[in-house]
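There are 4 protein chains.
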Amino acid sequence: MTTTTSAAGTAAARDALRAQTIELPSWAFGNSGTRFKVFGSPGTPRDPFEKIADAAQVNAFTGIAPRVSLHIPWDLVDDYEALARHAADHGVSIGMINSNLFQDDDYKLGSLTHPDAVVRKKAVDHHLQCVDVMRATGSKELKLWLPDGTNYPGQDSIRARQDRLADSLAEIYAALDDDHQLVLEYKFFEPAFYSMDIPDWGTSLLHCLALGDRAKVVLDTGHHAPGTNIEFIVAQLVRQRRLGAFDFNSRFYADDDLMAGAADPFQLFRIMHEIVQADVLRPDSGVNFMLDQCHNIEAKIPGQIRSVMNVQEATAKALLVDAAALDAAQRAGDVLGANGVLMDAYNTDVRPLLADLRVEQGLDPNPMQAYAASGYAAKIEAERVGGAQAGWGA
Amino acid sequence: MTTTTSAAGTAAARDALRAQTIELPSWAFGNSGTRFKVFGSPGTPRDPFEKIADAAQVNAFTGIAPRVSLHIPWDLVDDYEALARHAADHGVSIGMINSNLFQDDDYKLGSLTHPDAVVRKKAVDHHLQCVDVMRATGSKELKLWLPDGTNYPGQDSIRARQDRLADSLAEIYAALDDDHQLVLEYKFFEPAFYSMDIPDWGTSLLHCLALGDRAKVVLDTGHHAPGTNIEFIVAQLVRQRRLGAFDFNSRFYADDDLMAGAADPFQLFRIMHEIVQADVLRPDSGVNFMLDQCHNIEAKIPGQIRSVMNVQEATAKALLVDAAALDAAQRAGDVLGANGVLMDAYNTDVRPLLADLRVEQGLDPNPMQAYAASGYAAKIEAERVGGAQAGWGA
Amino acid sequence: MTTTTSAAGTAAARDALRAQTIELPSWAFGNSGTRFKVFGSPGTPRDPFEKIADAAQVNAFTGIAPRVSLHIPWDLVDDYEALARHAADHGVSIGMINSNLFQDDDYKLGSLTHPDAVVRKKAVDHHLQCVDVMRATGSKELKLWLPDGTNYPGQDSIRARQDRLADSLAEIYAALDDDHQLVLEYKFFEPAFYSMDIPDWGTSLLHCLALGDRAKVVLDTGHHAPGTNIEFIVAQLVRQRRLGAFDFNSRFYADDDLMAGAADPFQLFRIMHEIVQADVLRPDSGVNFMLDQCHNIEAKIPGQIRSVMNVQEATAKALLVDAAALDAAQRAGDVLGANGVLMDAYNTDVRPLLADLRVEQGLDPNPMQAYAASGYAAKIEAERVGGAQAGWGA
Amino acid sequence: MTTTTSAAGTAAARDALRAQTIELPSWAFGNSGTRFKVFGSPGTPRDPFEKIADAAQVNAFTGIAPRVSLHIPWDLVDDYEALARHAADHGVSIGMINSNLFQDDDYKLGSLTHPDAVVRKKAVDHHLQCVDVMRATGSKELKLWLPDGTNYPGQDSIRARQDRLADSLAEIYAALDDDHQLVLEYKFFEPAFYSMDIPDWGTSLLHCLALGDRAKVVLDTGHHAPGTNIEFIVAQLVRQRRLGAFDFNSRFYADDDLMAGAADPFQLFRIMHEIVQADVLRPDSGVNFMLDQCHNIEAKIPGQIRSVMNVQEATAKALLVDAAALDAAQRAGDVLGANGVLMDAYNTDVRPLLADLRVEQGLDPNPMQAYAASGYAAKIEAERVGGAQAGWGA
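Chains as they are written, first to last, in our numbering: chain A, 13 to 406; chain B, 13 to 406; chain C, 13 to 406; chain D, 13 to 406.
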């Protein structure tokens, strides 16, 4: 191995790491599962306030997760000012607003693409409600994942659904304020099993291009066909200035929604390498780095902490890549040399560096141990008895 | 095209088609869905009796679906004699007994492979209960699909789980009566997302070989890695005399559980071709041809009728393959000729032949239309108001 | 089953089938194989004239394959007028000109995207040569498949390669005549095994949009990730008016290049259904329907005949879809009904219809048998002794 | 992070690493490529003696690659005693003998499974020749990868090919000496594109079980369906005492044959973790750890050095797993804790440890740099001018 980075390089890396933020999904703190079973667990939040309190724990121990994404209608409350104050009291703020197009009985055959104009209007109107929440919370981003699609060949017209989708999206986009942004997610399959109406980044991007400058693509790392080179898509979307956000999670098979970095840490590193190379890690880059995952069997708060740490470690490694040496080897056509420069950074143990940064910020160097020792889990298990636990579908 | 079959060939095909039976899953008549949403629909059965009544409709219009598979505990009743009589009154009988290892809170980290011996015992004991149901219903086959696995590398020992599984299965097998058979299913992934404890036919077969002659493999057509040649597995299991049953359904992506033959009718034909060539279509072959699917968005009874018809059509085509011509071309190394013989049969429109067979049996030639015209759907929608609809998880 | 089409519908279908054409690749008549072995066979063409003579056989027996695509440099000749006359004498004409970016030693690390400007210029210049061939042959379409990519993470900059590609393509596009069109192919993987520089339709389309109106996307049916819904991409590209051409072949695993329709005839039907629904089957639609396949083990001329017939049969079935009934069922949300309308057409045996059309045109109703009986295979096997057989890499 | 291993644990790890050996394939030093192009490079060996000399360089700089696998007929020589002496003079020895069933014109439709008994006999006889080479070289293992399969449904009988395969293998097995072992490889697809005759570990194992105790399975890490959990197969084969050998390489898509550990270093670590847990890393375990890869674009000798180092690093990390802590967390059902123990080892930078071990053995701590500085590459480029370069197909 070689010393991959100069002292100056490390200083820049430390600065970048200090500035990095990761947004948390409120729903990760509720129960989730598979179609076969959703397991409950003691201490699960029963309302948006408790979800935010839990999310704040992740920030308290990692120091880089200061925003919480809301999901409407799951996180509907009467008083958003109170919710925002509650968040601030816990050291975090409200992030993106996520709409929901998959849990209403009317959406059985689609929402924004439904053959029936009445259903489409309902789905569009739901986004107007979300925009109201944005105004109430100060959120600037509306995130839209479209579950629409068909299960059987012939069930509906692929083409007609695209046209309807374009119309529905245009109505939503028109309702945004000037400082609002729409981020549009794509997904390879599920819940539809024959055709998805936004199955890939190309489709999402085409709709964004048609909408305008404030429409960008969301890349969920679990939403691709087997073998897809995700970092290529990252590079392409950044090149088009249309990468709006990540939904980080990991997968071995489908949209498994495992903890980010758990299934393929090298892939996560390669993704962050594209981000760093393109200089869009900076907080003002317009890219929102968010988690979206399901802690089906593991404890939720430490599951989020681990995920945040995994993204942070991948970022640190990406920041340690010797860019000059890499560029030189690439230009020289030195296949093994260029690969070696990248791998040198990947093979570096960045945990001491990150522990050091935490201490510098007054945090415990080991967030997992510190959270475990904090007694928070026992506290919420004792306090949150009775009431309906939050979860997918609630 | 050429005339693919002699008159004698067709007569044999008609005989085989008259003898063919397909078993229906009671749970297909209840509600099912994805992790995102289970849509309800009017007329959904509320108990095992109503499920059997619905299944009987499929048989009434197709004439080849005379058995209904039960799922325990979903289909637990107080009086199995009454249930069997109810089935007989409706022209059908009770088929296999399917155990359930995925809906108990204790099974979060596994059932038959769980690290904790107490949980394993509970899971084994559940099968003793199933054997009791077999005795009460006269069912001779116990079907076991193991949802066990892990979500994260390191979560548990892959090897230790195999050893525990072998022990648990041995206990269950020992509890069977001499005329009982255990059929063991495998699945590539879901609900576990890192390792499944029975992920492939090889693992299922190894456990069956260790158990004894009355243990056989269940092949669910949706439980394989992308690109897997399923008919090869059929041929291999038949060659080992260990193909116990099919769970027919179809898929484009994962375990989509779409109607059999809906996603890839040519694959279904190739599977049935292996069955016909190996002469295990016969009712006494020991292979149980069963459906296992989820009608998430389509009407359930006609969804089952269509699936049964799709299997029947694939079978009819397989029976029309000119075996002598195929064998001659294969032995001669005539690649295009041999493929052509197979495709000739596949390209044949067998719907007139099957319509004719139905008329011969006193059935309507068009089961879909006949069911639609029967008024049964309206009747159950009117009658089955109130009560809890049956479904996955109920 | 129901009668799916009115008499008028069938008449329109017959008209559309009479007008349909499929372009053949000259290289399909040469030897091809895998990295493990290329098997030779007697009678294989030794030059472009013999390839065209063989391609003309396919047209002679099917009546719908009147053009032959050339591949440069494989099909370089001294006198293109003589080649065009030779084609005309055999009843066919020269179709698209395909460039080659994968067989020069300089292209080891890329061609249009190579880090070295000298290599990029060489690759661009090769296309100027191709444009000269277009002028000499009257061909109007330049087809470009880019094999460029990297094998190892870090080997080269994904982003920089996109930028270089955009520049190289712009130079090529600028060299086209006003009535020339550039069609740009994408491929998921192979020959590069980590990143392809045009891996998906989105990337190809972005480059086409940047180039101008006369740049369109080529869809090779074997160039996608497992599970990709290809007909969705067809619909999307048609919607963008950017579908330039098909490379038809079929696959079970990777880019297997098997005969079109051999692996998944239902998929081919669904693709042709999108084509028919969007009314781009017409010869003046701007979409070139071409074959691109490798007859590694089967005889080449009958392999092409079978492929052409498979595309024709899929087209005929697509033309028989009862569009009005389909639309009505789709609008009504009748999942099973809509799927049933599509399947009715797919399940129809269209071979009698196509045989009838052939007889009408003075052709033998059975092209495979007629070719086999023609003695052409024996003739070329006897005549083409000595010389180097054409093939990939020659 | 925590200190993952005690001093004693590290000492045991160091002992295990000192004992580890990796076998090299002679063919990795010849040219290889894709079906599109094989690029040559200066200095490529022209005969088996030069291949062994190159392989010996890998051992000279890494200290753990003391054996070279031969491939027959590529490595046929007149005097095996001379070849063995040549190897010994270079500090290495002859390892496994690999047969070739894919490059003879007669094998177009199969070898051991061919419909024609004459071809099958030829393929069986080739193995008798290989056994002679084993006797001449002292090799104890015959490795057989079967490329046989079909490209089109119906082309041949799946079942009949299994029967023929069983017969052919029985003849080969009968020809082995008592201290010989047969290791049998499986592959998902390629060069056959519809059905492979040994597509999966289950099929390979069934044939091994039928043959006898000295038949074992070879696991090539690139020969699986997308998403396959390879470490599960490792665990299962070890549990059956039938894991004979690895062919290490890596892949993003198909059988890409990239350098081991290049595509998914975490997967390689998980595989080595199963090996270490089952205590079959020991040299006397009967498992042969071998590389099998294609250096299409990178330099071959350093490509092998890097691969060996990647396997060694994965092994070192696997040896650092705190087995007691892992077991405790697993038994306690501590999902995050158990995963964390595994990841602690994976995240450790083992390069200093391995550098230290090399120095201890008198080697340079950095094999890549040391080889680059050795001048060997320039030397062979100068010396090996003229003659035919070795490669696949030669």
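Where a beta carbon is used, it is the ideal one built from N, C-alpha and C, also for glycine.
CB contact check: residue i to chain B, cutoff 7 Å
{"i": "residue 279 of chain D", "result": "no"}
{"i": "residue 261 of chain A", "result": "no"}
{"i": "residue 115 of chain A", "result": "yes"}
{"i": "residue 361 of chain C", "result": "yes"}
{"i": "residue 60 of chain A", "result": "no"}
{"i": "residue 239 of chain C", "result": "yes"}
Within-7 Å CB hit, residue i to chain C
{"i": "residue 244 of chain A", "result": "yes"}
{"i": "residue 233 of chain D", "result": "no"}
{"i": "residue 153 of chain B", "result": "no"}
{"i": "residue 310 of chain B", "result": "yes"}
Residue interval of the beta strand (DSSP E) (run including residue i)
{"i": "residue 43 of chain D", "result": "Residue 43 of chain D -> no beta strand (DSSP E), and no H or E assigned at all."}
{"i": "residue 75 of chain C", "result": "Run containing residue 75 of chain C: none; DSSP gives neither H nor E here."}
{"i": "residue 108 of chain A", "result": "105–110"}
{"i": "residue 193 of chain B", "result": "193–197"}
{"i": "residue 257 of chain D", "result": "255–260"}
CA nearest to the CA of residue i, picked from the options
{"i": "residue 123 of chain D", "options": "D:70, D:94, D:158, D:341", "result": "D:158"}
{"i": "residue 402 of chain D", "options": "D:30, D:34, D:32, D:64", "result": "D:64"}
{"i": "residue 177 of chain A", "options": "A:233, A:48, A:211", "result": "A:211"}
{"i": "residue 392 of chain C", "options": "C:49, C:54, C:239", "result": "C:54"}
{"i": "residue 383 of chain B", "options": "B:22, B:314, B:81, B:325", "result": "B:314"}
{"i": "residue 308 of chain D", "options": "D:32, D:49, D:146, D:76", "result": "D:49"}
{"i": "residue 320 of chain A", "options": "A:75, A:371, A:208, A:296", "result": "A:75"}
{"i": "residue 316 of chain B", "options": "B:30, B:22, B:41, B:31", "result": "B:41"}
Residue interval of the alpha helix (DSSP H) (run including residue i)
{"i": "residue 352 of chain C", "result": "347–358"}
{"i": "residue 363 of chain A", "result": "363–372"}
{"i": "residue 340 of chain D", "result": "335–343"}
{"i": "residue 152 of chain D", "result": "Counting along the chain, residue 152 of chain D falls outside any alpha helix (DSSP H), and DSSP gives it neither H nor E."}
{"i": "residue 83 of chain D", "result": "Not the alpha helix (DSSP H): residue 83 of chain D falls in the beta strand (DSSP E), residues 79–83."}
{"i": "residue 281 of chain C", "result": "277–289"}
7 Å Cβ cutoff, residue i in contact with chain A
{"i": "residue 403 of chain B", "result": "no"}
{"i": "residue 357 of chain C", "result": "no"}
{"i": "residue 193 of chain C", "result": "no"}
{"i": "residue 215 of chain B", "result": "no"}
{"i": "residue 57 of chain D", "result": "no"}
Whole-number beta carbon distance between residue j and residue i, since they are thought to touch under 8 Å
{"i": "residue 275 of chain A", "j": "residue 260 of chain A", "result": "Actually they are not in contact, since the Cβ atoms of residue 275 of chain A and residue 260 of chain A sit about 12 Å apart, beyond 8 Å."}
{"i": "residue 89 of chain B", "j": "residue 60 of chain B", "result": "5 Å"}
{"i": "residue 324 of chain B", "j": "residue 293 of chain B", "result": "Actually they do not touch by this definition, with Cβ atoms about 11 Å apart."}
{"i": "residue 283 of chain B", "j": "residue 333 of chain B", "result": "Residue 283 of chain B to residue 333 of chain B, Cβ: 13 Å. No contact."}
{"i": "residue 251 of chain B", "j": "residue 279 of chain D", "result": "Residue 251 of chain B to residue 279 of chain D, Cβ: 32 Å. No contact."}
Residue-chain proximity (residue i, chain D), Cβ-Cβ < 7 Å
{"i": "residue 316 of chain B", "result": "no"}
{"i": "residue 335 of chain B", "result": "no"}
{"i": "residue 110 of chain C", "result": "no"}
- Within the segment 214–243 of chain C, note down every full alpha helix (DSSP H) run reaching 4 residues or more, in order along the chain. none
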